[in-house]
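Numbering (the working numbering), first residue to last: 143 to 697.
Think of the CB as a built atom: it goes at the ideal place given N, C-alpha and C, for glycine as much as any other residue.
Below: one structure, written as structure tokens.
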Amino acid sequence: MANQEKYTILYGRLSQEDDLKGDSNSIQNQRLLLEKYAKENGFTNVKFLYDDGYSGTNFNRPSWNELLGLIEQDQVETLIVKDLSRLGREYLQVGYYTEIFFPQKGIRFIAVNDGVDSLYESSNDFTPMRNWFNELHAKDSSKKVRAVKRMQAERGEILGGRPPYGYRRDESVRKGIVPDEETAPIVQRIFSLCAGGKGPNQIARILTQEQVLNPTNYYYRMTGKEHKSLDTSSPYRWTSSSVTGILDNRTYLGHMPGLRTTTLSYKNKKAVYHDESEQILVKNTHEALITQEQWDLVQELRQRKKRTPKQMEEPNLFSGLVFCADCGKPLVLHRAHTMEAVKNNFMCYTYKKRGKEVCSSHYIREHDLIRIILDDLRRVTHFARQKEVLFAEYINRKNSFELRKEMNGLQRELDAAKRRDSELTSLFKRLYEDNVLGRVTNEQFRMLSADYNDEQKALREAIPIKETRLQKLVDSASNVDAFIQRAKQYTEIRELTPEILRLFIARIEVGEKSTKYSRTAEQAIRIVYRDVGIMDSVEQVAAEDAENTEQENIA
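The structure is reproduced here in structure tokens:
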């Protein structure tokens, strides 16, 4: 291209952080100023490019990239901006363009309000300093924006433009949300499917097969606004990450989580997730779509859930719930396509890995365990519904002894572990001093310190687990009312589902048969129910009640 045919580019940029007082920085005003300057100074073949809504620290802008493409094609002679901050607010990057890139490409660069014109060397003396001040402005603006976002989060306001899937904007409340009539039931179904044993991949396949609009396409159809992950060619395709994002979102409890994500810095806009401890959670800000009980159940199930082998479509119903009564390790489910379903069975993990010298098989068939658990669950829930007062009295009486015993034992273990941890720290210090003073050889020091370190590591891993278990015992003590309410909700349990199983049962322990290899020998099954613990046989409790009633009548 001949020089006279090359473009004079007038470039404008505007971001949300820019000061818009008096509309002086608006794209329209930038255009008017630049066109006026170009006309008065004899610049021809003018082309206006602009980026609206892009930070000065971000150089990945559509029109800026178009400008660079024109420069690479040798179609640009002059670039004119209102001031250096319109080019950008990143000191090193702006310096690279003004001092290296533009001169190499033979581009005349003009910043009107800053009096910069690369044609005149003297006008560039203060350019580096101006760039530095522009970057300081970006840094200061970033701090202010973060402070505003924190205040909004502390007030329980929704951050960002798009409400969570399942909700829509509440027009009557600033920054508020209300359930969306179309998508709220889908969110509730997702939690229900997960509580029923389905994983995110399985749920995504179900929603895809049923032709349910995915979140980004639903939002696009309702508002016309696009999202970076929008794919209008596959509006019904759900992914496991979309489902996981819903299952992880505490907004559905009626709470507003804030500051879930942040950016690395005002220069690097890559999103990173905050730890839960660094987030802000304001409770009861809007209507919940799920209960706390559903949330806890789903989170516990997701933590326990193992990857289902590809050849097995159905997950293990008892995953994370069944344990060996002797060694405490999980019972492992064995099944295969070549084996009849009726022969699916559980065996002790320790027995399978280390042999009969360490533990026995604790063999039990899956269908037998289902029948035993279902039968006991029906009897216990029926008793809880029919005789609430007696059930509550019995549980409270039992819990007051059993819970106190377990809590005291756990507290003693915890105290002993913490004392030993302190002792090991002291021992290690003395051992180190003895090694320095020559009382202990280097070989002895390495051997003893390795033993102490291994023991202390094991203790420090066990202590938080024991503390969590103790807190759960304290929290669940005598919560019989919650169990009775669940029993009233499930008046007829036709089959054992993962959701029902985990709503009512916390742990199942399987004992060894009294006679090995016998199909008729007794086998102890210990069932620990949520909130009420271990239940004696319902018949025994009912008999005690009848006996007490008879004695009262005689008296």
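Item, Value
"Residue range of the beta strand (DSSP E) that includes residue 490", "487-490"
"Buried versus exposed call for residue 487 [16 or more other C-beta atoms within 10 Å across all chains shown]", "buried"
"Under the three-state DSSP convention, the category residue 648 falls into", "strand"
"Touch test, the region 433-447 against the region 378-395, Cβ-Cβ under 8 Å, three pairs minimum", "yes"
"Three-pair Cβ contact test at 8 Å for the region 597-608 versus the region 492-501", "no"
"Start-to-end residues for the alpha helix (DSSP H) that takes in residue 509", "508-528"
"Distance between beta carbons of residue 428 and residue 473, contact taken as under 8 Å", "That belief does not hold up - the Cβ atoms of residue 473 and residue 428 are roughly 43 Å apart, past 8 Å."
"CB contact flag (residue 310, residue 322, <7 Å)", "yes"
"Element boundaries [alpha helix (DSSP H), containing residue 312]", "It is not in any alpha helix (DSSP H) - residue 312 instead sits in the beta strand (DSSP E) that spans 309-312."
"Beta bridge counterpart(s) of residue 253 as assigned by DSSP", "223 and 258"
"CA-to-CA distance, residue 462 to residue 491, given in whole angstroms", "12 Å"
"Through-space distance from residue 362 to residue 368, alpha-carbon basis", "6 Å"
"Where residue 386 sits in the DSSP three-state scheme", "helix"
"Within 7 Å, strictly: CB atoms of residue 175 and residue 224", "yes"
"Interface flag, residue 553 vs chain D, CB-CB below 7 Å", "No chain D is present in this structure, which holds just one protein chain."
"Proximity below 7 Å, CB of residue 342 to CB of residue 386", "yes"
"Backbone secondary structure at residue 378 - three-state DSSP", "coil"
"Rounded separation between residue 189 and residue 240 - CA only", "20 Å"
"Classification of residue 222 by the beta-carbon crowding that lies within 10 angstroms, buried from 16 upward", "buried"
"Length-filtered (4 minimum) alpha helix (DSSP H) runs lying within the region 590-621", "none"
"Residue range of the beta strand (DSSP E) that includes residue 230", "Per DSSP, residue 230 belongs to no beta strand (DSSP E) and is neither H nor E."
"Straight-line gap, residue 606 to residue 538 (C-alpha atoms, nearest Å)", "28 Å"
"Under 7 Å between C-beta atoms of residue 671 and residue 647", "yes"
"Identity of the residues DSSP links to residue 501 by a beta bridge", "Residue 501 pairs with nothing; no bridge assigned."
"Same chain only: Cβ atoms within 8 Å of residue 609, ignoring 5 sequence neighbours per side", "556"
"Euclidean distance between Cα positions of residue 250 and residue 195", "26 Å"
"Whole-angstrom distance between residue 334 and residue 476, CA atom to CA atom", "27 Å"
"Option nearest residue 519 by Cα separation, candidates 628, 399 and 536", "628"
"contact_flag[the region 148-155, the region 202-211] where n(CB pairs < 8 Å) is 3 or more", "yes"
"Per-residue DSSP class, three states only, for residue 342", "helix"
"Reference residue 379; option with closest CA among 330, 664, 394 and 356", "356"
"Cβ-based neighbour list, residue 552, same chain, cut-off 8 Å, excluding 5 preceding and 5 following", "608, 611, 612 and 615"
"Per-residue burial, residue 325 [other beta carbons within 10 Å of its own, 16 or more giving buried]", "buried"
"Inter-residue Cα distance where the pair is residue 513 and residue 432", "30 Å"
"Cβ separation of residue 187 and residue 147, assumed to be a contact under 8 Å, to the nearest whole Å", "7 Å"
"Residue 509 and residue 531 closer than 7 Å at C-beta", "no"
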